[in-house]
Structures are given as C-alpha cells and as structure tokens.
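Engineer: In terms of my numbering, the sequence shown is residues 16 to 216.
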Amino acid sequence: MFDAKLRPWIDPPLNRIGRALAARRITANAVTAFGLAVGLLGAVAIANGLFLLGLALIAANRLLDGLDGAIARASGPTDLGGYFDIVADFAFYVSIPVAFGFVDPANALASLVLTACFVLTGTSFLAYAVIAEKRKAQTTAHGQKSFFYSTGLAEGTETILFFVAMTIFPAAFVVLAYAFAALCVATVIQRSILAAVSFAN
16 MFDAKLRPWI
26 DPPLNRIGRA
36 LAARRITANA
46 VTAFGLAVGL
56 LGAVAIANGL
66 FLLGLALIAA
76 NRLLDGLDGA
86 IARASGPTDL
96 GGYFDIVADF
106 AFYVSIPVAF
116 GFVDPANALA
126 SLVLTACFVL
136 TGTSFLAYAV
146 IAEKRKAQTT
156 AHGQKSFFYS
166 TGLAEGTETI
176 LFFVAMTIFP
186 AAFVVLAYAF
196 AALCVATVIQ
206 RSILAAVSFA
216 N
C-alpha cells in the first residue's frame, strides 16, 4: 500500500550506493544471498528470545534487499537475479512468524495462520505477475522490476512495520499476527477483484 509512495524517497540514495557498489564489482546476487542469511539469522535470534537483535537484523535485511535492486539497476538486471530476489524475500517473510512460533508455544496457532496467509498472498502475487507478463502488462509504480508487481494492501512496507511491532512488543504477537493475517487475506481478495477486472477478456 505504501511501497510505491515511498519509492521517490528511498530510491535516489539507494541508487547512489548501488552504483558505487556495482563499480566495485559487488554483484546484486551476492547481496541478495547475504541479505537472506542476515534475515534468517534475525529469525534465529527471535526464536531464541533475542528480540532487539532480531529487530536489528530485520532492518539490515531490508536495507540489503533495497541495495541488491539498486546494484541490479546499475549493472543491468537479470532474470536470474529477479528470481533469487523474490525467493529470498518470501523465505525471509515466512521465517519471522515461524520464529515467533518457536519462541513461545502460545504463539503457535497465530504463527501458523500468518505463515499460511503469507503463502496465500505470495501465490496471488506471483499468479497475477504470470498472467500480467503473458498479457505484456507493465507498471513502474514499484520501480524497475524483473516482472510485474501488483499493488496490494499488504506489501513490503506493511510487512516490515508489523515485524518491527512484533519484535518491540513480542507479548502482543498473537494480536498483531491475526491483524496482519486479516490484512493479507484482504489483499488476496483485492488482487483477485483486480484480476477479475483486468483479465476478464
């Protein structure tokens, strides 16, 4: 919901850093892999009750996720890079609710529900992208991407805001998880309505 609105503020500094890193032969795929490792370490930290460390590693993961795209734009995006980027994103996203399920058995059901909703949201996102690509649809609302990014109520910014809230207020995880799961379901419904309108003919 907020991703496209934040792009004009976030992209210019990231692009400057991305050009500098690309000039030093640092590849986007290497940064994607490193960012995924950092994000998964954040999940491990949360699973062990180290919430502030988890928060710091989540923030680092998101910074690296922005940098890999900036490097790709500077050096030339590739299909393989686009594939690795989206797989790394979803691997990171599902790891956080799973980590909260590990740290406290009382979180298990909410963790399972949120993880399932992430899978559903990701499926709708990728399915829309496949059909949009088939129809040669294009959008620059989310910047230059390897494939079509459809807009939704729950996007990257909203996900990170909820993750931050969960790590700062871990006792409220169950409430936050169900609230975000509901937002994910609403996003799937919204995207399905958009698909029904866009792909009707």
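The beta-carbon is built from N, C-alpha and C at its ideal position, and this holds for glycine as well.
Taking only three categories from DSSP, how would you classify G137?
Structural biologist: Walking along the sequence shown from the start, residue 137 turns up at place 122. In this structure, G137 counts as helix in the three-state DSSP scheme.
Engineer: Classify F214 as helix, strand or coil using the three-state DSSP reduction.
Structural biologist: Within the sequence shown, residue 214 is the residue found at index 199, counting from 1. Looking at F214 - three-state DSSP - the assignment turns out to be coil, as it is neither helix nor strand.
Engineer: Please give me, in chain order, every unbroken run of the alpha helix (DSSP H) with length at least 4 that falls completely inside the region 81 to 120.
Structural biologist: DSSP runs (the alpha helix (DSSP H)) wholly in the region 81 to 120: 94 to 118.
Engineer: Roughly how many whole angstroms lie between the Cα atoms of L124 and A74?
Structural biologist: In the sequence shown, the residue the question calls residue 124 occupies position 109. In the sequence shown, the residue the question calls residue 74 occupies position 59. Rounded to the nearest angstrom, the two C-alpha atoms are 26 Å apart.
Engineer: Can you list, in chain order, the residues of its chain whose CB lies under 6 Å from that of T47, leaving out five sequence neighbours each side?
Structural biologist: Here residue 47 is taken as the residue at index 32 of the sequence shown, counted from 1. Contacts found: D83, F99, D100 and A103.
Engineer: Identify whether F188 lies in helix, strand or coil by the three-state DSSP scheme.
Structural biologist: Counting from 1 along the sequence shown, the entry for residue 188 is found at position 173. In the structure shown, F188 sits in a helix (DSSP, three-state: H, G or I).
Engineer: Can you give me the C-alpha to C-alpha distance between A35 and D119, rounded to a whole angstrom?
Structural biologist: In the sequence shown, residue 35 corresponds to position 20, counting from 1. In the sequence shown, residue 119 corresponds to position 104, counting from 1. Using only the alpha carbons, I get a separation of about 43 Å.
Engineer: With 16 as the cutoff for other CB atoms within 10 Å, does A186 come out buried or exposed?
Structural biologist: Here residue 186 is taken as the residue at index 171 of the sequence shown, counted from 1. Looking at its Cβ environment, which holds fewer than 16 other Cβ atoms inside 10 Å, A186 is exposed.
Engineer: I need the DSSP call for A169, collapsed to helix, strand or coil.
Structural biologist: As a first step, residue 169 must be located in the sequence shown, where it is residue number 154. Coil.
Engineer: Taking Cβ positions, are A52 and I86 nearer each other than 9 Å?
Structural biologist: One-based indexing of the sequence shown puts residue 52 at position 37. One-based indexing of the sequence shown puts residue 86 at position 71. No, the pair does not count as a contact, with Cβ atoms beyond the cut-off.
Engineer: In terms of residue numbering, what span does the alpha helix (DSSP H) encompassing G57 cover?
Structural biologist: In the sequence shown, counting from the first residue as 1, residue 57 sits at position 42. Residues A43 to A62.
Engineer: Cβ of A196 within 9 Å of Cβ of F115?
Structural biologist: As a working note, residue 196 is residue 181 in the sequence shown. As a working note, residue 115 is residue 100 in the sequence shown. Going by C-beta atoms, A196 is not nearer than 9 Å to F115.
Engineer: Please report the distance separating the alpha-carbon of N44 from that of G50.
Structural biologist: In the sequence shown, counting from the first residue as 1, residue 44 sits at position 29. In the sequence shown, counting from the first residue as 1, residue 50 sits at position 35. The alpha-carbon atoms of N44 and G50 are separated by roughly 10 Å.
Engineer: What did DSSP end up calling K149 once you bin it into helix, strand or coil?
Structural biologist: To locate residue 149, count along the sequence shown from 1; it is residue 134. Reduced to three states, the DSSP call for K149 is helix.
Engineer: DSSP three-state label for R34, please.
Structural biologist: Counted from its first residue, the sequence shown places residue 34 at position 19. Reduced to three states, the DSSP call for R34 is helix.
Engineer: So, using beta-carbon positions, are A147 and S213 closer together than 9 Å?
Structural biologist: Working through the sequence shown from its first residue, we reach residue 147 at position 132. Working through the sequence shown from its first residue, we reach residue 213 at position 198. In this structure, S213 lies closer than 9 Å to A147 by Cβ.
Engineer: Under three-state DSSP, which class holds R39?
Structural biologist: As a first step, residue 39 must be located in the sequence shown, where it is residue number 24. Note: R39 maps to coil in three-state DSSP.
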